[in-house]
Amino acid sequence: MRYFAVIWLFLVAAAGKVAASTSHPITTFINAKWNITPYALEVSEYLADENANLFWDFVDAVNELDMEVAQADDSKSYKQTIKVAEKLLSAPQVSLLKLSLSLHSLSPRVEAHQQIAQEVLEESDCKASTFVVIGDKVACSVADASKLIKAQNSGSLELFQFDHVCPGSEISENTAILYGVIGTREFRKFHELLKDRAMSGEVKYVLRHYVKNRSKKKVRLSGYGVELHLKSTEYKSQDDSPRTPGENVADQVDTGETEVNGFDFKILKSRYPELSQSLETLRLRLLEKSHEIAPLKAWEFQELGLQAAHQIAATQSDEALHIIQYTAQNFPVQAKSLIHTAVDDSFKKEMKHNIDVLGRNLNLQPPDAALFINGLFFDAETIDMENLLETLKSEMRSLDGLHSIGVKGKSAKSLIALDLQSSAKEFAIDFRDSSIVWINDIEHDSQYRRWSSSVMELLRPTFPGMLRNIRKNLFNLVLVVDPVTSSARGILKLAESFVVHSAPVRLGIVLDFQKAEGERDTIYNAVLRAFNYVTQKKSPREALGFLTDIYSSVKSDRDLTLEDIRTQLKRTSSSLTPEQITDILDDDSDYDYGRQLSMEFVQRLGSTSSPSALVNGVPLPSTGLTSDDFEETVLTEIMSQTPSLQKAVYKGELSDSDDLVDYLMGLPHVMPRLNAKILSTEDVQYLDVSGKPHKDLENIKAMAKLSNSDMTATLLDNVKYFAPRNSFTKVQDNEVHFITLLVIADLTTNDGLELFRNAVEFVKATKSVRLTFVPNSEASSKPPRENLNNLVWAASHSLPPTDALNLVSRLMSASDLAKTDVPKATKDLLSSTTLHLKMLRVYCQRVLKLKKSENGVIMNGRILAPLATKEIFTTEDFGLLERFSYLQYGEKIRKTLKESLNEETTLTSDMIVKLVSILVPRTHTKSRYPMPTELKDDHTVVNLEPKVTNGPFFDIVGVLDPASKGAQKLAPILILLRNVLNCHMKVYLCAVDKHSDMPVKNFYRYVVEPEIQFSPDGKSSKGPIAKFTGLPVNSLLTQNLQVPENWLVEVVNSVYDLDNIKLVDINGPVHSEYELEYLLLEGHCFDSMSGAPPRGLQFTLGTNRQPIIVDTIVMANLGYFQLKATPGAWNLRLRHGKSSDIYDVTSADGPNTVHSGDQGKRHTFVCFIVETIIILRRRS
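Residue numbering for the sequence shown follows the working numbering, starting at 1470 and increasing by one per position.
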């Protein structure tokens, strides 16, 4: 009994000691400089990013509610707004919406609207809470607005990318901009008026937010980190004596700290030896509860990371994420409780294996922390919530899309992780063409006779950047040049030097006649004949010299004249008489040949730019075809092609007996024809397949009101296809066509008929392709029986695919449609085709933006429209498009479907179209990385299954060392993702195997909440805050904020010195408040002529009334500059003086940047991350 009494006294006394030394909290937060706005405004902006039609649906829905009454209760207003959004978004998307509202990620955009509205009001006497700007007038009442609309008050109004334009009113020239708060009574009146007038085509209705009576509460920000560093003077001394034999972490007695909370356990154990074990347990418990940092021996540091990982891995639930967060963010005081954890060999072995695999495949080594979301890589050190949220929104659209078409589970996970980014450089053109004049031949010319003729030389090591001298035509450079203009003179001279200096490059020339029109045609013909004469009488090399000599004799910017050609021809062949020169250059010259062949080659090349260059058929980028960059561009392309040739030699696919040119032209990426429209990777448009099909096709009024996505869904759901017999591909038990072609054309025009005829020929000759026809024509005077548009449409919808294809082939070749036999089923349908064609014309006009009779092609959702009047889309172009699609995504998707398709899922051709339209348009600057399959997850992995197994889910992988700074930031983000998303999450614990010091010497908090919080009385909470508790009271701490790079924050309220915090001296809580003073506009600036940064150049940022608010100077390093501002629309100008005297701003590329005449560039700050690139032109 005495023993228990002693222990009880110890516990009571210890509790008193602990209470006496209680650690006080340290708290901090960041507010924005602007005030909060109604939740509905931020929700509307979120919906606008998802779909413009959702924005207007939300506005109409909110207007039906009495939001003014709800504004008094924050919680009620929030719930009402979310309830409306839930009808427009899926449940997973609503979770992301709530996160966006918590982060206030769209608050800057609403504030930008507010700033623009304030500028308008400053120039008028309007005091209303809702008003309309029409032309240069401001209407403060509905009656005034109605009068201004009737008066057709004209005037230019500045519109921005983030403006909301009412669907259907885009083409009106009379613009009306409404400013107000959606859901209020005044706004409702203006909205109904403008919407009616917009539908009748009287105005272009634009909506912007404006809140007259704003709350005084500031926007509370989140998505940043706060850390407390232990100052270096506070690091504990450590005992670096070696571990004695047999001494274990689990059972060792820490003699370094025998006195804890006033109790000397060494004396107590000597007095009560029978209680030694109980006293030791008590001592360890007191140490764990102590807020001070316990001194550790050097060898105790060694396995701290492993011990932390072992404790975490023992918990296979969401609680493991909280353990990671608590351990990592409070590591200095948690270390003492970890040293008693024993780590078994199997745990260490698996962790070492995973570390080796991750290092080999993903270049990750402890203590690196990384996050993978559906394969997209995020570095824990640089991750920020704005970019993360945008990625989650994009991925959510894809997951929802796949789920809606029936792709779920393993198949969805595999498909969403595919990296489907492409490059046009994968394709080359067959250059075996008689139009090319080869200047040299490395295999047969005598100047190369001393070189080795063995391709094995490719495997011989050389210095980087060095070309191998091999007597083979390994690298063939073809230049397509305009011989009259000055565009190609510089690169032609450089190409000549390749031959002169015996570079291992075979050079070919093709003369380009695209600009040979009118009077200039004579000069082009003269150059061609003179070039052919010198080639035939002397040599191709002399002919190239003939061209470069002419260029040297004229001014660099002047076009050639007939006299220039005659003069140089006389210099080249001095024996020629004037009459002979005239005979050479005349129309009936013997040397007038090759023009048609050159024009055909240029047409096959599919590029209208001049000059053009090919290396082994691969087009070089036009930006590199300048005198300064040409040699480097050619060398870079040669170096990129060399490894594939070396690989071919090594594998025995290429030998000395092979014809090099035939081998190169036999590679799978070589096509008989190229097309810049197909190979372009910029501004690629895909159909929006996220809509729902409308079932009542007879209701014309309802069809006209459908959104673009719903119209597309209705078309795809009802259209029928042409296909040859047995042209499908089998995937498991499903018969599908992997390529779906939609040809938009008017078959009464020659261009439309030729386009559709080529498409039909392509479908007949290609497997796994189906075709449909979408007529784009106005009402015809011909009866449907004699109109090919009606007949083809009726055939596709009344006959089986193969029969319809055969009938269409006969109809297109028939001389008299009225006399051609047509099946009865097709005849019966002809009467209703006129209405169908009218509806399809509306679709082409509204969704595809096509004028009457314009042609286009859609392959698997990719839109190639409109095609120019004389733009020929041949069967070779269809073949190129099919090959391009196959290499970009077709092969990957086909392979993934065959490997992961669920047996319960029925795969259809329509699903393939929608699948491609969902996955391929995703734009990410990040690459996707598949997780290595050899990773083990028996002991060192936290594996969390999706909460909803039958819904779409994210695949999230975290890699971290729990004893690292990366884990401090990544752990709360993982918890956030787990709370917000339905996800399958794996956390690989990869710790440093041995430490020699404390691995983490700071405390950390990451400020973020998954949803806005409210108090019991309905008011919104004060907002997210960083709070530190349980800190060591005797340590000296330094507070530091980790905010996104372009946030400029400063302390606005703090009683104590935040660089030197010692809680024992303060003896109370420490609180600090920060404010986001400015957002940084970062950018780069270049001279359009030289490409050099104009260092010393000055920019100013201001408004119309105050032109200069801030200014900056362009740096010499990459032309970098930065300006600071708050959300709004600002005028970016060159400073008046030398800067504006020397330069003009020719372009500014960046989000929400518009040109506004004399004001220079109008730049808007509508998000927390802003960047721009400015191109300058030097004044003459």
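Glycine is no exception: its CB is placed at the ideal position from the N, C-alpha and C atoms.
### Task
Excluding the 5 residues preceding and the 5 following Asn-2451 in the sequence, name in chain order all residues of the same chain whose CB lies nearer than 8 angstroms to its CB.
Sequence-distant partners of Asn-2451 (beyond 5 residues in either direction) whose C-beta falls short of 8 angstroms from its own C-beta, in its chain, are Pro-1561, Pro-2415, Lys-2416, Val-2417, Gly-2420, Pro-2421, Phe-2422, Phe-2423.
**OP:** May I ask you to report which of helix, strand or coil DSSP gives Leu-2166?
**Re:** Looking at Leu-2166 - three-state DSSP - the assignment turns out to be coil, as it is neither helix nor strand.
query: With burial defined as no fewer than 16 other Cβ atoms inside 10 Å of the residue's Cβ, what is the status of Pro-2441: buried or exposed?
result: buried
Identify whether Thr-1497 lies in helix, strand or coil by the three-state DSSP scheme. strand
Residues near Asn-1909 by beta carbon distance below 7 angstroms, same chain, minus five either side:
Val-1968, Arg-1975, Leu-1976, Arg-2010
Check: How should Val-2520 be labelled, buried or exposed, when 16 other C-beta atoms within 10 angstroms of its C-beta is the threshold for buried?
Finding: exposed
Problem - Same chain, Cβ closer than 8 angstroms to Lys-1567, neighbours up to 5 away in sequence not counted - result: Ile-1551, Val-2449, Pro-2479, Glu-2480, Ile-2481
*Considering only residues of the stretch 2220-2292, which uninterrupted alpha helix (DSSP H) runs meet the minimum length of 4 residues and lie entirely inside it, listed in chain order?*
Fully contained in the stretch 2220-2292 are the following alpha helix (DSSP H) runs of length 4 or more, in chain order: 2257-2267, 2270-2282.
Item to complete: Give a single yes or no on whether Ile-2332 has its beta carbon closer than 7 angstroms to a heavy atom of the ligand FMN.
Response: Among the components modelled here there is no ligand, and therefore nothing to report on the ligand FMN.
Query raised in the report: Under 8 angstroms between the Cβ atoms of Arg-1683 and Thr-1506?
Result: yes
Quick check on the DSSP output: what are the complete alpha helix (DSSP H) runs of length 4 or more inside the stretch 1795-1870, in order along the chain? 1800-1807, 1814-1831
(Q) Taking the beta carbon of Glu-1772 as the centre, do at least 16 other beta carbons fall within 10 Å, making it buried, or is it exposed? (A) buried
* As assigned by DSSP and simplified to three states, the class of Leu-2496 -> Checking the displayed sequence, the identity of residue 2496 turns out to be Lys instead of Leu. It is a strand residue.
Would DSSP call His-1678 helix, strand or coil? strand
ask   = Do you know whose CA, among Arg-2040, Leu-2066, Thr-2004, Thr-1954, lies nearest Lys-2024's CA?
value = Thr-1954
| message | Please identify the residue among Asn-2522, Val-2502, Tyr-2543 whose C-alpha is closest to the C-alpha of Leu-2510. | response | Tyr-2543
field: As assigned by DSSP and simplified to three states, the class of Asn-1504
entry: strand
Legend entry - Helix, strand or coil at Val-2385 according to DSSP, with G and I counted as helix: Residue state, collapsed to three classes: helix.
Evaluate contact between the stretch 2217-2225 and the stretch 2248-2262, counting only Cβ atoms and requiring at least three cross-stretch pairs below 8 angstroms. yes
Review point. With 16 as the cutoff for other CB atoms within 10 Å, does Glu-1788 come out buried or exposed?
Key: exposed
Selected residue, minimal CA-CA separation from His-2553, among Thr-2581, Phe-1524, Asn-2573, Ser-2541
The shortest Cα separation from His-2553 among Thr-2581, Phe-1524, Asn-2573, Ser-2541 belongs to Thr-2581.
Within 8 angstroms, strictly: CB atoms of Ala-2173 and Val-2158: no
Taking all protein chains shown into account, decide if Met-1925 is buried (16 or more other Cβ within 10 angstroms of its Cβ) or exposed.
-> exposed
Can you check which of these residues, Leu-2517, Phe-2472, Ala-1586, is closest to Glu-1696 by C-alpha distance? Phe-2472
task = With DSSP collapsed to three states, give me the class of Ala-1893.
result = Because Ala-1893 sits at a pLDDT of 48, beneath the cut-off of 50, its placement in the model cannot be relied upon, and the point is left open.
Checklist line | Nonlocal neighbours in the same chain, by C-beta distance under 7 angstroms from Thr-2271, ignoring five residues either side | finding: Scanning its chain for C-beta atoms nearer than 7 angstroms, with the 5 sequence neighbours on each side dropped, one finds around Thr-2271 the residues Ala-2192, Pro-2193, Arg-2194, in chain order.
Indicate whether the contact test is met: 3 or more Cβ pairs, each with one atom in the stretch 1634-1644 and one in the stretch 1673-1688, closer than 8 angstroms. With the cut-off at 8 angstroms, the stretch 1634-1644 and the stretch 1673-1688 touch.
**OP:** For my contact list, His-1573 and His-1678 are in at a C-beta cut-off of 8 angstroms; report their separation, rounded to the angstrom.
**Re:** The beta carbons of His-1573 and His-1678 sit about 14 angstroms from each other, so the pair does not count as a contact at 8 angstroms.
Q.
I believe Leu-2210 touches Met-2328 by the beta-carbon criterion, under 8 angstroms. Please report the beta-carbon distance rounded to the nearest angstrom.
A. With 8 angstroms as the limit, Leu-2210 and Met-2328 qualify as a contact, their Cβ atoms being about 6 angstroms apart.
Identify the continuous alpha helix (DSSP H) that holds Pro-1577 and give its terminal residues. 1576-1591
Practice item. Check whether the stretch 2103-2121 touches the stretch 2042-2053, counting contact only when three or more Cβ pairs, one atom from each stretch, lie closer than 8 angstroms. Key: Taking 8 angstroms as the limit for Cβ pairs, the verdict is that the stretch 2042-2053 does not touch the stretch 2103-2121.
Query - Under the three-state DSSP convention, the category Tyr-2190 falls into - result: Note: Tyr-2190 maps to coil in three-state DSSP.
- Determine the burial state of Ala-1489: buried for a count of at least 16 other Cβ atoms within 10 Å of its Cβ, exposed for fewer. For Ala-1489, the predicted structure reports a pLDDT of 42, less than 50, and the residue's modelled location is therefore unreliable. A value from the coordinates is still provided. Ala-1489 should be labelled exposed.
In three-state terms, what does DSSP make of Gly-1725?
Here the model assigns Gly-1725 a pLDDT of 41, short of 50, so the residue's position is not dependable, and the following value carries that caveat. Of the three classes helix, strand and coil, the one that applies to Gly-1725 here is helix, per DSSP.
Can you look up Gly-1875 in the DSSP assignment and give me helix, strand or coil? coil
Exercise for review: With a threshold of 16 other CB atoms inside 10 Å of the CB of Ile-1960, please say whether the residue is buried or exposed.
Suggested key: buried
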